[in-house]
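Reviewing the structure listed below.
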Amino acid sequence: MDAFLRSADSAALRVLIVEDDVSLGRLIERALGPSTQAITVVRRGKAALEALDSSSFDAIAADICLPDMSGLEVIARARALSPYCGIVAITGFVDVEVAVRSMKAGADDFLGKPFDADILWHVLQKSVANRTRQVEAEQATAYRQLAYTDALTGCPNRRFIDEFIVEAVEVAKCGGTPLTAAFLDLDNFKLLNDFVGHEAGDRVLTRVAEELGAHIAPPAAFARFGGDEFVVVFPGMDELDARLMLGNARDAIGRIEVVDGTLARLPTRISCGVAAYRGYETPRALIANAEDQMYLERSASPVLMTAAYGREVLSASSEVPN
Numbered sequence: 002m003d004a005f006l007r008s009a010d011s012a013a014l015r016v017l018i019v020e021d022d023v024s025l026g027r028l029i030e031r032a033l034g035p036s037t038q039a040i041t042v043v044r045r046g047k048a049a050l051e052a053l054d055s056s057s058f059d060a061i062a063a064d065i066c067l068p069d070m071s072g073l074e075v076i077a078r079a080r081a082l083s084p085y086c087g088i089v090a091i092t093g094f095v096d097v098e099v100a101v102r103s104m105k106a107g108a109d110d111f112l113g114k115p116f117d118a119d120i121l122w123h124v125l126q127k128s129v130a131n132r133t134r135q136v137e138a139e140q141a142t143a144y145r146q147l148a149y150t151d152a153l154t155g156c157p158n159r160r161f162i163d164e165f166i167v168e169a170v171e172v173a174k175c176g177g178t179p180l181t182a183a184f185l186d187l188d189n190f191k192l193l194n195d196f197v198g199h200e201a202g203d204r205v206l207t208r209v210a211e212e213l214g215a216h217i218a219p220p221a222a223f224a225r226f227g228g229d230e231f232v233v234v235f236p237g238m239d240e241l242d243a244r245l246m247l248g249n250a251r252d253a254i255g256r257i258e259v260v261d262g263t264l265a266r267l268p269t270r271i272s273c274g275v276a277a278y279r280g281y282e283t284p285r286a287l288i289a290n291a292e293d294q295m296y297l298e299r300s301a302s303p304v305l306m307t308a309a310y311g312r313e314v315l316s317a318s319s320e321v322p323n
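Residue numbers (the numbering used here): 2 to 323.
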């Protein structure tokens with residue numbers, strides 16, 4: 002791809018001309034000579050495919066009517082082999098149907114015969130420039146996706162939710178609309194890791210993220226905030242509606258079970274704190290309020306939680322035959 006971008010920025014584009022008319026092919030080659038000497042001219046579709054298999058090109062001009070096969074087939078194969086190459090279809094029958102078929106095959110533009118070689122060069126350069134912009138846009142999208150994705154679970158990460166809640170708070174503040182945030186933390190996650198190992202613990206985190214993705218519906222959004230913590234933001238939703246959506250997610254997460262080496266089945270428990278925006282909190286303060294509520298929920302019966310977890314482990318262990 003980098004080689005393509007360097008070539009696209011230079012005057013010496015590597016050009017493949019697929020034209021069965023010998024005279025026209027030679028005319029095009031001579032006319033483009035002052036602009037680039039990296040020109041390959043072939044008369045048949047099979048020869049074009051062989052050239053594409055053995056060499057790389059920045060721009061291709063292909064007649065759609067060839068003696069041995071359809072030029073549209075050549076264009077489609079060229080697009081598959083060279084997705085970032087500029088392709089121009091050449092045709093003696095210019096109409097809407099031909100144009101549509103050319104574009105569907107993978108051409109960026111089309112040119113009707115007869116044409117001036119200078120026009121062909123201009124169209125080729127334009128198609129390459131358009132492909133270059135497409136490559137850059139795709140790269141930017143890919144980099145952005147990586148920047149906002151948690152590497153372990155594949156769900157949005159803290160950077161994403163930090164930016165998301167800033168915008169959500171601004172909208173709620175200016176529009177007077179409701180906004181709710183939730184802070185989720187897996188209970189006894191260290192104990193679970195001790196029982197089943199960190200790899201299994203990572204799988205639990207991934208499952209939790211999957212369940213949140215299945216139950217947290219837009220405009221709400223969630224992210225892994227760090228470790229075994231997740232944050233959910235509910236734009237336009239009051240605390241009651243947010244709790245209803247969270248309830249479904251928590252029920253699904255509660256059904257996630259892990260089996261350790263003794264075949265003990267360990268449930269996944271999650272504590273959750275919810276805080277409604279009151280019109281003056283900063284984004285970070287709103288998350289902190291939700292986190293405080295989570296600790297309040299967890300502290301309500303810490304002994305019972307630990308005892309219940311232990312009983313389940315012991316009960317499951319006692320069922321294992323000697």
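We put the beta carbon where it would ideally sit given N, CA and C, even for glycine.
Where the beta strand (DSSP E) through residue i begins and ends
{"i": "Ile-257", "result": "Looking at the DSSP string, Ile-257 is not in any beta strand (DSSP E), and its letter there is neither H nor E."}
{"i": "Cys-273", "result": "271-277"}
{"i": "Val-233", "result": "230-236"}
{"i": "Leu-67", "result": "Per DSSP, Leu-67 belongs to no beta strand (DSSP E) and is neither H nor E."}
{"i": "Ala-182", "result": "180-187"}
{"i": "Thr-37", "result": "Counting along the chain, Thr-37 falls outside any beta strand (DSSP E), and DSSP gives it neither H nor E."}
Extent of the continuous alpha helix (DSSP H) run through residue i
{"i": "Phe-190", "result": "190-197"}
{"i": "Ala-221", "result": "It is not in any alpha helix (DSSP H) - Ala-221 carries neither H nor E in the DSSP assignment."}
{"i": "Val-23", "result": "23-33"}
{"i": "Leu-297", "result": "284-300"}
{"i": "Leu-153", "result": "Element bounds for Leu-153: n/a, residue is neither H nor E."}
{"i": "Ser-55", "result": "46-55"}
Own chain residues within Cβ distance below 7 Å of residue i, not counting five before or after
{"i": "Leu-50", "result": "Val-75 and Arg-78"}
{"i": "Arg-251", "result": "Ile-271 and Cys-273"}
{"i": "Glu-292", "result": "Phe-184 and Gly-274"}
{"i": "Pro-220", "result": "Pro-236 and Gly-237"}
{"i": "Ala-243", "result": "Thr-181, Ala-183, Phe-235 and Val-275"}
Residue i, DSSP secondary structure in three states
{"i": "Pro-84", "result": "coil"}
{"i": "Phe-161", "result": "helix"}
{"i": "Thr-263", "result": "Per-residue confidence for Thr-263 stands at a pLDDT of 49, beneath the threshold of 50, marking its modelled position as unreliable; no derived number is given."}
{"i": "Leu-14", "result": "coil"}
{"i": "Val-167", "result": "helix"}
{"i": "Val-95", "result": "coil"}
{"i": "Gly-227", "result": "strand"}
Cut-off 8 Å between Cβ atoms - residues of its own chain near residue i, not counting five sequence neighbours on either side
{"i": "Gly-214", "result": "Cys-156 and Phe-223"}
{"i": "Leu-297", "result": "Gly-274"}
{"i": "Val-16", "result": "Leu-33, Thr-37, Ala-39, Ile-40, Thr-41, Phe-58, Asp-59, Ala-60, Ile-61, Ala-62 and Leu-125"}
Own chain residues within Cβ distance below 6 Å of residue i, not counting five before or after
{"i": "Val-136", "result": "Tyr-85"}
{"i": "Arg-44", "result": "Asp-21"}
{"i": "Asp-151", "result": "Asn-158 and Arg-225"}
{"i": "Ala-32", "result": "Ala-118"}
{"i": "Ala-169", "result": "Leu-180, Val-234 and Pro-236"}
{"i": "Leu-53", "result": "Ala-79 and Leu-82"}
{"i": "Ser-103", "result": "Ala-90 and Phe-111"}
CB-CB length for residue i against residue j, believed under 8 Å
{"i": "Ala-253", "j": "Glu-212", "result": "4 Å"}
{"i": "Ser-272", "j": "Met-246", "result": "Not a contact, Cβ separation roughly 17 Å."}
{"i": "Tyr-144", "j": "Phe-161", "result": "Their Cβ separation, rounded to whole angstroms, is 14 Å, which puts Tyr-144 and Phe-161 out of contact at 8 Å."}
{"i": "Leu-187", "j": "Thr-154", "result": "12 Å between Cβ atoms; not a contact."}
{"i": "Asn-249", "j": "His-216", "result": "5 Å"}
{"i": "Ile-166", "j": "Ser-128", "result": "At roughly 43 Å, the Cβ-Cβ gap does not stay under 8 Å, so Ile-166 and Ser-128 are not in contact."}
{"i": "Ala-277", "j": "Glu-230", "result": "The Cβ separation is near 20 Å, so there is no contact."}
Beta carbon proximity, residue i to chain D, threshold 8 Å
{"i": "Ala-173", "result": "Included in the structure is just one protein chain, with no chain D present."}
Check your understanding: Curious, which full-length beta strand (DSSP E) runs of at least 3 residues does the region 101-132 contain?
Key -> 110-113
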